[in-house]
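Below: the structure, in structure tokens.
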Amino acid sequence: MIQARGITRTYQTHGAFTGAHAVPALRGVDFTLPDGGAVSFIGESGCGKTTLGKILTGLETFDGGELVVDGVELSGLSARARAKYFRRIQMIHQDPYSALNPTRTVEATLGDPLRMRAKEIGGDPGKWRERAAELLTLVGLEPAAVLPKYPHQLSGGQRQRVVIARALTVDPEVLIADEAVSMIDVSMRLGILSLLRDLRTRLGISLVFITHDVATARYVGDGGELHVIYRGEVVERGLTDDVILTPVHPYTQCLLSAVPIMRGLEEPGPDRMAPIRALDERTATPGCLFEPRCPFATQECALTHPTLVPLGGDGAGVGSAAVDVGDLGDGAHVHACLHPAARRVVGVEIGAASA
Amino acid sequence: MSEVSVRSLTIEYQTSAGWLPAVADAWLDLRPGEITGLVGESGSGKSTLALALLNAVPAPGRIAAGTVELAGVGDVTRLTGKQLRKVRGGALGYVFQASQNSLNPLKTIGRQLLDLGRSHEVADLRALIARAKDLADRMGLDGDRVLDSYQHQLSGGMRQRVGIVFALVLNAKVLILDEPTTALDMLSQASVLDIVRKVHDENQLSTLIITHDIGAVSEIADRLAVMYGGRIVEDGPLLDVLRRPSHPYTRALIGATARIAGDVDAARALPGRPPDLTTVARVGCVFRDRCGFAVETCATVEPVLAAWEDGGRRRACHVEPSTVLSGASGTPAAVGEPA
Amino acid sequence: MAVTTATLGASPRARRPALLAFRTAVLRKPGRVVGLAIIVLFALMAVAGPWLYGRLEIDPDAVYAPPSAKHWLGTDFAGSDVLQEIIVGARYVLGTAALAALITAVLGTGIGLVAGYRRGFTDSVLMRITDFILTIPAFPLLIVLSTVWDFSSPWLMGLVLGGTGWGGMARAVRSQALSLRERGFLEAARGLGLSTRHIIVKELLPNIAPYVAMHLLLSTIAFVTAEVGLFFLGVVPFSTTNWGVMLNQAVFSGGALESPDALFYLLAPLSCIVLLTLGIVLFLDAVDELFNPRLRERA
């Protein structure tokens, strides 16, 4: 459905006295999203994951690399032609409170795109009401109760469902969920996540799931691939369960260590760790981007920039191994660390450990 | 001996339908050296309860009944004017929900700190600054740099830490944190939680953390109180409550949390939506509509929070604890639309 | 069960006819009722005034007469009834202000919205035009134009005031549109492929409407004072009855500042301006609620 190769995006900032300098938000991101598949991106704030989501929905431009949607390379197309492809990719926003127009009812919010869509595909625009009811039912809302309401009359979880219903009005093939559950009560998150999973299986919609909470990425369905992104660069990639169970990049390990442990039910992993200092986006380094914060950094890390290589085998001397990871099969576990090592950082369920 | 004892506290809000209780008959103790996690969904009344500890319930709300005894001070709900201001920030340190945005953007952190000192009539401002620097340093911040910064120069996690510095700089013995990690990413959340535990232990505080995230609070709390529809429905030692939730709501809440370990398919979203002031049941149990264990009594009689086991556990439920623990739940009687 | 009924119970007010919403909003506070009543009163004067008293009677025996049962507010230099004059004069004053406000609303909002939403080149061009308009001083322009145009009809005056007065509104609306543009629902509307017209009219405009309405009511006050000021100073030739002319006559011919004879002649139009301003300010309070569904339903 979507193939991205070496997507880069650099922002130029102009300080009053410091002059212009370039801040890379994305440094060559590759990924493949199969039809009906799921790809998750995890990373902390400021790692470029939101920029990626905006690029994929056409709200941002990219300045390097290729983006192929449905077999068509987009950068060669005119803005108008591109818009047609981006229409198939719809965004679920992080903040359900600003994602709906406060002055319009749910009925109006869904009605306009539905009538527009009906005209395009030669349907009957008069039938939009039925279609709206159908979509609301699909996302788990009661149409009669919700249609006449304004956004402020709905709870956070209900709003997010309306947002999803609105995205579905134009029959998208891909949904981009950028922190789609982070502003919703924890108790409501699973409901939204299982809805997204449902949409994959029932409608064959592919999903790009962007989050800082690794745990939620487990709930969006099978066969998903997880990309760990750090300062605009993918540092580890593999099937979601593989990366969570056997992370090898120290950054991934830090992220996984940060997931809270439900004490009493889970035990912390024995190798739990944290970055040794806070993120500083300004540091430029010829070596590994994570080196300044990495508890295991060596001198080599400060000098050599690691590239993505498959896990196992040629773990040593990777700096020169120019493997085109795009050629590796889906689900291959790859990482960009000079000294990869499996560490047990994830919490373990207490019952499961003894069983 | 409790640092803070909340006794039969009822807080009401004025609505078009008259005065409605946002918090009903709450009993809670904060003890020195103990972190209490107060967990609930939005609209459960947990923030209102926390504000009542400062006697700072905003209009159109009022404390209708009950007391908040603060050790060495007395009933906070009776304090007014200057005495009350002295207690807020003095004995009770509060870190607000949006503390990332509650700093003045036009003043450096240091200046705001001096303002705080002056308003509390601190004689030795130098010592105040020294203490703030010390606190900041111990939280992994560069004290000098932070005091010279404006809020926009600090990241979300750093601002949260500055909020804690402000809450503790006047030697508060009670620390109240309202949703301290909600807007933070996982790495910042982990470090803030870590720091809360550290300052708590170092200063032998009585700490209350208010959150909707049972996972995050379970990382550091000693006791857990669960709130629903303005009522505390269960409380007790954290490990025990998590292992053996005795209230159907606690049980459902734990089961509805996305976790990094365990069976993905075993997780169940909580059905229905949380009630608010106007939709909460007036008679009977407030949770019965979303409850899988509800019996006939639940519709008519409101269960009271009562001790049920040794080890300081309390629950407010008509159903036998053993039934809830064994987990033989049916489908909820009536669940409206998903929230 | 209770959950479903409760959520349904909360919705009956969700879609009320606009008129009903208007009524509830105004009735909520007595100040708003008074404000609206004052505005309606003046509007009626403006519409019906000249029909009621087509030609003002002249009574040479009662020049600058004090208030009496026959002349409630006394008479002017020609012995005409001041109250009648006020009523007749309202049309010019309010007609001008209304037209100017209309032009401001349409041009200011339209240009501001398009510039703020489109950004880039369109924005630059539209904002340069706006800046140009902002630099035109309406007073001198009117003085110059009065040598060419006949300002006896309120429409020309309104045209000039409105045509030179929409710049501030355009700038204000643009900055609102710029900040709204980054909101999630507008990004979503663009992502869905809804037309620019739809986005501007249906998504952006309702969110800016309270802002526009408020700005508009306040600029109405400014237009009234501006035109009255012009007549009072005498820079525009008098060819009609209006409050500005009355003020001018009272001060410069009646000597209202020196003798008490023309006091009522002076105070009457002044009080009208103050009263109208008061009415508008009182009514402003209701505007936010009229457009904001959240405030509207608060009981």
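Residue numbers (the numbering used here), protein chains in the order written: chain A, 1 to 355; chain B, 1001 to 1339; chain C, 2001 to 2299.
C-beta atoms are modelled at their ideal positions from N, C-alpha and C, and glycine is treated no differently.
What are the residues in the stretch 1169–1186 of chain B lying within 7 Å of chain A by C-beta distance? Going along the stretch 1169–1186 of chain B in chain order, one finds 1185 and 1186 with a Cβ nearer than 7 Å to chain A.
Less than 9 Å between CB atoms is the rule here; does residue 349/A satisfy it with respect to chain B? For residue 349/A, the answer is yes, since a Cβ of chain B falls inside 9 Å of its Cβ.
So the candidates are 198/A, 307/A, 273/A and 264/A; which of them puts its Cα closest to the Cα of residue 233/A? Among 198/A, 307/A, 273/A and 264/A, the Cα nearest to that of residue 233/A is on 307/A.
Mapping DSSP to helix, strand and coil, what is residue 53/A? Here residue 53/A sits in helix by DSSP.
Residue 2289/C: contacting residues in chain A (beta-carbon distance under 7 Å): Per Cβ cutoff of 7 Å: no residues; residue 2289/C is ~13 Å from chain A at best.
Below-9 Å beta-carbon distance, residue 1278/B vs any chain A residue: Taking Cβ atoms only, chain A never reaches closer than 9 Å to residue 1278/B, which makes this a no.
Classify residue 25/A as helix, strand or coil using the three-state DSSP reduction. Strand.
Three-way DSSP call (helix, strand, coil) for residue 1003/B in this model: Residue 1003/B falls in the coil class under three-state DSSP.
If we ignore side chains and look at the alpha-carbon of each, how far apart do residue 2171/C and residue 1019/B end up? Rounded to whole angstroms, residue 2171/C to residue 1019/B spans 45 Å at the Cα level.
Beta-carbon neighbours of residue 2215/C, restricted to chain A and to distances below 9 Å: Near residue 2215/C there are no residues of chain A at all, since even the closest Cβ is about 17 Å away, more than 9 Å.
Can you check whether the C-beta of residue 1147/B is within less than 9 Å of a C-beta belonging to chain A? Judged by the 9 Å Cβ criterion, residue 1147/B is not in contact with chain A.
Answer with yes or no whether the minimum CB distance from residue 163/A to chain C is below 9 Å. So yes, residue 163/A belongs to the interface.
Endpoints, the beta strand (DSSP E) within which residue 177/A is located: 174–178 is the extent of the beta strand (DSSP E) around residue 177/A.
Got a sec: is the Cβ-Cβ distance from residue 2292/C to anything in chain A below 9 Å? Yes, contact with chain A.
Do you know how far the Cα of residue 155/A is from the Cα of residue 1042/B? The alpha-carbon atoms of residue 1042/B and residue 155/A are separated by roughly 9 Å.
For the putative contact between residue 2043/C and residue 2094/C, defined by C-beta atoms under 8 Å, what is the C-beta separation to the nearest angstrom? So it is a contact: roughly 7 Å between Cβ atoms.
Which residues of the stretch 226–237 of chain A have a Cβ closer than 7 Å to any Cβ of chain B? Give them in chain order. Result list empty, no residue passes.
Would you identify the three-state DSSP class for residue 1244/B, choosing helix, strand or coil? Coil, per DSSP.
Could one say the Cβ of residue 177/A lies closer than 9 Å to chain B's Cβ atoms, at least one of them? Residue 177/A is outside the set of residues whose beta carbon lies under 9 Å from a beta carbon in chain B.
Does residue 2181/C come within less than 9 Å of chain A when only Cβ atoms are used? Residue 2181/C does not count as touching chain A.
Check the Cβ of residue 2112/C against every Cβ in chain A and list those closer than 7 Å, keeping chain order. Residues of chain A passing the Cβ test: none, with the nearest at roughly 18 Å.
For residue 84/A and residue 78/A, the rounded distance between their alpha carbons: Approximately 10 Å between the Cα atoms of the pair.
With H, G and I counted as helix, E and B as strand and the rest as coil, what does DSSP make of residue 206/A? In the structure shown, residue 206/A sits in a strand (DSSP, three-state: E or B).
Using the Cα positions of residue 2206/C and residue 2185/C, report the straight-line distance between them to the nearest angstrom. Looking at the backbone, the Cα of residue 2206/C and that of residue 2185/C are separated by about 13 Å.
For residue 1119/B, does the three-state DSSP call read helix, strand or coil? Residue 1119/B falls in the helix class under three-state DSSP.
In the DSSP output, which residue or residues are listed as bridge partners for residue 2/A? Note: residue 2/A is bridge-paired with 33/A and 69/A in the DSSP secondary-structure output.
Opposite residue 2273/C in the DSSP bridges: which residues? Per DSSP, residue 2273/C has no beta bridge partner at all.
With residue 94/A and residue 180/A assumed to form a contact (beta carbons below 8 Å), what rounded beta-carbon distance in angstroms separates them? With 8 Å as the limit, residue 94/A and residue 180/A qualify as a contact, their Cβ atoms being about 7 Å apart.
Could you check which residue in 142/A, 238/A and 279/A has the C-alpha nearest to that of residue 1188/B? Checking every option, the nearest Cα to that of residue 1188/B belongs to 279/A.
Taking buried to mean at least 16 other C-beta atoms within 10 Å of its own C-beta, is residue 1164/B buried or exposed? Per the 10 Å Cβ criterion, buried.
Three-state secondary structure assigned by DSSP to residue 2149/C: If DSSP states are grouped into helix, strand and coil, residue 2149/C belongs with coil.
Name the chain C residues that come within less than 9 Å of residue 38/A, Cβ to Cβ? Here the premise fails: no neighbours, minimum Cβ distance about 20 Å.
Note down the Cα distance separating residue 1215/B from residue 1037/B, rounded to an integer number of angstroms. One alpha carbon belongs to residue 1215/B, the other to residue 1037/B, and they sit about 11 Å apart.
Quick check on residue 1200/B: does DSSP put it in helix, strand or coil? If DSSP states are grouped into helix, strand and coil, residue 1200/B belongs with the helices.
For a test of the three-state rule: what should DSSP assign to residue 2210/C, helix, strand or coil? Of the three classes helix, strand and coil, the one that applies to residue 2210/C here is helix, per DSSP.
Using beta carbons (cut-off 9 Å, strictly below), is residue 2140/C in contact with chain A? False, the Cβ-Cβ gap to chain A never drops below 9 Å.
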